[in-house]
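What follows is a short report on a single structure.
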């Protein structure tokens, strides 16, 4: 088969690889129908994730068709259409039993990281019964690719951890794909105000179309002051960090109101300064989370019943064998106005 | 009347003051029976809290007898014995209605801070109906002084925010009075392990007597390594910070397990470094809180039914007019093995 | 002033009454701008509530202008426009401190029940600071009348107690004003399916316009079978009872899925049979609740930000002095297609 | 092997059966070390559970040694000592993913019911990875037999569903083994009062030894009146029903305070009358639950750390081949003062 293979920092190739085989009774082999590229894949390609080694097939999102199943797989059979979760979960370790699949002792985020991933014609999915989700006959599979990672990430790490509730004032810092996924899913809980903050006017335009009630370009003025002005000096109920750098994290701690929740989604490469000298008495909560994908069934129902339209996040389409070109586009997201790109396997 | 008056950094006096008067219909005047000294009072005396000005009567804890009530006070009448809450709450602002009395728009922590306090023969209590709690005839009033501040602080900021549950492994960093109050109240939820960490062997001895299952002297070895060894490398479910400086906060972030809760109680004077580069994917929660005293009724029931013995925290007794001497003892807590000192008004 | 006075079963009059006076420092006198009629008022008029005695002014909903305040009232002053809550809460008893205003030891539902109510030109509101809510200058006061009772009742007793969450299948049994209020506010949490069941086709039409995804006329077939067919035999996640009789309660227990929540809103006059022989192992939750109106501030924010349009519930308008006629219309709700009627004080 | 076999109402025999074999890759065969008898087993023997058919091996509790594992079992291997959960869970159906193992679509309570059980020398355990729990080398296995069913049943259905919290007044109606398991585990949350109600003075004696603060013999007076007298007429915060008949259920609804929780554990054979005409406005919650055993890991930690001593529940010991005699004793529980009987396999 053909697959996108990482060959060390800056080097990747669409090349021939052995087709994956069932290795354990709980495995399934899935033929990819569609996949996509994540911001994390760009980090991998730069060499920022040293655990990813030369020869690895990248990618942790996608929908596909079950090609083969191990003897212990009972939820799926050959021919079933499935959503591939970015998180592999065994369903039987202490962490899985607590719903913390991200820390599964025989899984977690391993796909396109510690084992070969989905930017390929075929992929092996360990613990298939717990790590795949069935797609009904008439569903829109492009929309469902967004359930692999981005929608549960925005929802679990941002919206649920932020405890968004009706009437709240919510700020989302960062309007990239994950911040926009938080924006879409925050509306499940009917906040009164959804303030989106970014430095890219195009993304802020998109945010308004997706439901932001206010937008702030933080490159063009003091965002903290603007948020405080919008909230009568009280600050927001929920601040969602969807970037992963110190300035955006600081902004969240400056605009959070007493009793508020800061929900971090961003992947941080460095430490941040936490101003406990002011925060200690503000009764705030800060959360971090690697997505667990425990809400995939819930999100699936909201997509199928058209309460949310995740296809809005898709800006570009390519054939899977154009994956190198797709990386170019996705890597120049500001110029290309790219959010999510769909790669379709025509083989 | 006589009262302990702050006269700027390092200067205090037990001196004559005008007896407080009813100023608003919701006020009560309370004659002090017993009061105590808080670590915060030492900070005030050093000049660390510039909002406290020359002439202020210090103190925010105590039990007393209602001497007079304003026309709108209905829960109390002259002669009633009462617990004085360190937090004044109006019961009718947005924050009070959410149970966040600490941020009451006409209250919060004002006693012995922005208005005259309880280290005096009499004190004026604003919003008396919501800021006092009744004491039944046969109750042990010394035990109930601990309900003014220290017990709700340890319980709300440490135990409730830490979400301690049966079977948990809990670490408490700092075995001063507030850390010990967290230790006592954490046992309400039956954790399996209660690890207390401090640099003072005497306090660790006390902690073991109060229910710690393990103690670690962090001056004598690497506390992080010891906690990790005790938890099979997984870290703790709950880490309670009861000091308020960077090293103890860092320790909490090092020993916290995936999915765990860090509950900050300590009053911080400076910022801390937060290692988001490792924490972002650990699914942790960090909370801060100024005590709300919303659990005073609950704690009262546990004291009256003898589920907890807060008198254990009392190490020294003085007459109220010996308050200067009491500050000496409390200020030399390590040498004097002092936790809480009781000051009794014999006038 | 003029007021609607109850004179025993079947007898009421729009007649002269003494204008109410401040009786306690926490009282306010409010001049009524608009009021409305509740289903409970019809029960009172029939004599179903013996606690309501001859001479009582009826009505527990409305918006008005503060005319006078007692000396302890600090949140409001003469001239302020206010929402009158159907529940009076002192803010300082054990129940109020727990957020259970419905059981306030000096309040609860007393307005138009144990004390004179709002279907009058003026009304006395005890504990005004906690029982009134401010209206900003430009707000739509007709919409806000719905915040006195019907919206918090549908939301708290039905939606919150039912724990509606995104993706859920929710059934609402009874499409009267309260059932429709539950229907409107259930959408705050983005359920996938909202099935409304009633015997009146007009009300089911309204329900569809208000967001019901399915409607069932229970007079024209077996509702249980239809719900089971719609849910693959699994039953619903949440069943909201908004009638108050045995058949509708039974229906809820028949259609509830394993792990589901039955939230009772209906006012019951008789006992019901509970089939514990089948329910004991179904892991269900049944809740009852008299509205607490603790969510009034939250609901206010959703109305002001136009996340919900409670004016949809208003079908008829009258002058306050036409109140007898308004009762006629509201009492013939099926024929008149009446939901909520607005009575405006032109005096 | 030998096993206790059900042969229709009133007929059982300790007789030769084929040793169970691995049927699916997720199965394990466990050699029984110890088992016990449940009240439900008595119902089976009477013929009350028609789903149990002639030839079935009874029993759903026990500890044992893994004899053989299917190819997909990874948590256990031959020789491991294990707790057998009364609930079989696949870990991968919708219900299991929600933590509702009791309704597992390929499990639930099937052991000694729909498939052969544990009152035998060997038992086949489906979905072994999720339905067995490991026992460390030095653990007290007799205590751990109580984790198969009775302890999680009392804890999940009674204490957790009842939402027992510190300072609460809790009533437990029924002091049989399950009521006593609720009594032991309710103390995890430090209620102030634990009132146990039963008609057997011996059981009430046991209850006091196990931590009841008050006991009421409901055969000797009006239990409702006594509870109301003990609670200043307010009723209890939590009422746990541990019998399963109308009078005890009614008692719970009579003694529940406003805002309280009724947690049903009892297995009901008939419907009950629910007095909605008084309960509709009392803001109460009624829950039902078949045990999920999701708290087994938590309970295991409390047993190992000696926070609870479930061995207290064991009153009699037999050899497994004396099982018929053990049934006699357990069936005459009042006369024999029997709670739990331990059956040890000496083969």
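Chains as they are written, first to last, in the numbering used here: chain A, 6 to 352; chain B, 6 to 352; chain C, 6 to 352; chain D, 6 to 352.
Here a beta-carbon is modelled for each residue, glycine too, at the ideal position from N, C-alpha and C.
Given the structure is predicted, the values throughout are model-derived calculations rather than measurements.
Straight-line Cα distance separating residue j from residue i
i                      : j                      : result
residue 1 of chain D   : residue 54 of chain D  : An answer regarding residue 1 of chain D cannot be provided, because it is not within the stretch 6 to 352 covered by chain D.
residue 212 of chain C : residue 329 of chain C : 28 Å
residue 250 of chain B : residue 269 of chain B : 11 Å
residue 322 of chain A : residue 345 of chain A : 9 Å
residue 122 of chain D : residue 87 of chain D  : 15 Å
residue 156 of chain A : residue 182 of chain A : 9 Å
residue 246 of chain B : residue 177 of chain B : 6 Å
residue 342 of chain B : residue 180 of chain B : 12 Å
residue 37 of chain D  : residue 75 of chain A  : 31 Å
residue 117 of chain B : residue 240 of chain D : 39 Å
residue 5 of chain D   : residue 306 of chain D : The displayed coordinates of chain D run from 6 to 352. Any statement about residue 5 of chain D would go beyond what the structure contains.
residue 275 of chain B : residue 231 of chain D : 57 Å
residue 152 of chain B : residue 304 of chain B : 7 Å
residue 138 of chain D : residue 132 of chain D : 12 Å
residue 24 of chain A  : residue 114 of chain D : 42 Å
residue 48 of chain C  : residue 235 of chain D : 36 Å
residue 129 of chain D : residue 15 of chain D  : 25 Å
residue 244 of chain B : residue 254 of chain B : 9 Å
residue 26 of chain C  : residue 29 of chain B  : 22 Å
residue 221 of chain D : residue 248 of chain D : 15 Å
residue 52 of chain B  : residue 210 of chain A : 51 Å
residue 84 of chain C  : residue 158 of chain B : 41 Å
residue 308 of chain B : residue 185 of chain B : 16 Å
residue 226 of chain C : residue 217 of chain C : 19 Å
Among the options, nearest to residue i - alpha-carbon criterion
i                      : options                     : result
residue 32 of chain A  : A/71, A/325 and A/62        : A/71
residue 340 of chain B : B/242, B/207 and B/62       : B/207
residue 336 of chain D : D/6, D/22 and D/42          : D/42
residue 111 of chain A : A/93, A/51 and A/104        : A/93
residue 292 of chain C : C/167, C/187 and C/261      : C/167
residue 320 of chain B : B/308, B/302 and B/347      : B/347
residue 288 of chain A : B/82, B/30 and B/103        : B/103
residue 126 of chain D : D/302, D/20 and D/143       : D/20
residue 272 of chain B : A/62, A/217, A/57 and A/281 : A/281
Beta-carbon separation (whole angstroms), residue i vs residue j, contact threshold 8 Å
i                      : j                      : result
residue 89 of chain D  : residue 10 of chain D  : In fact, because the Cβ distance is near 19 Å, the residues do not count as touching under 8 Å.
residue 66 of chain A  : residue 40 of chain A  : 6 Å
residue 188 of chain D : residue 228 of chain D : Rounded, the Cβ-Cβ distance is 16 Å, inconsistent with contact.
Buried versus exposed, by CB contacts within 10 Å (16 or more), residue i
i                      : result
residue 237 of chain A : exposed
residue 283 of chain A : exposed
residue 190 of chain A : buried
residue 258 of chain B : buried
residue 352 of chain C : exposed
residue 265 of chain D : buried
residue 192 of chain D : buried
residue 59 of chain D  : exposed
residue 96 of chain D  : buried
Contact test: residue i Cβ vs the ligand COA heavy atom, cutoff 8 Å
i                     : result
residue 58 of chain B : No copy of the ligand COA occurs in the structure displayed, which carries no ligand at all.
On the three-pair Cβ rule with 8 Å, is the segment 311-327 of chain D touching the segment 311-319 of chain C?
Cβ pair count under 8 Å is below three, so no.
For the 8 Å Cβ check, are there 3 or more pairs between the segment 187-207 of chain A and the segment 158-172 of chain A?
Yes, they touch.
Do three or more CB pairs link the segment 102-119 of chain A to the segment 294-305 of chain A at distances below 8 Å?
When Cβ pairs closer than 8 Å are counted between the two stretches, the segment 102-119 of chain A is seen to touch the segment 294-305 of chain A, the count reaching three or more.
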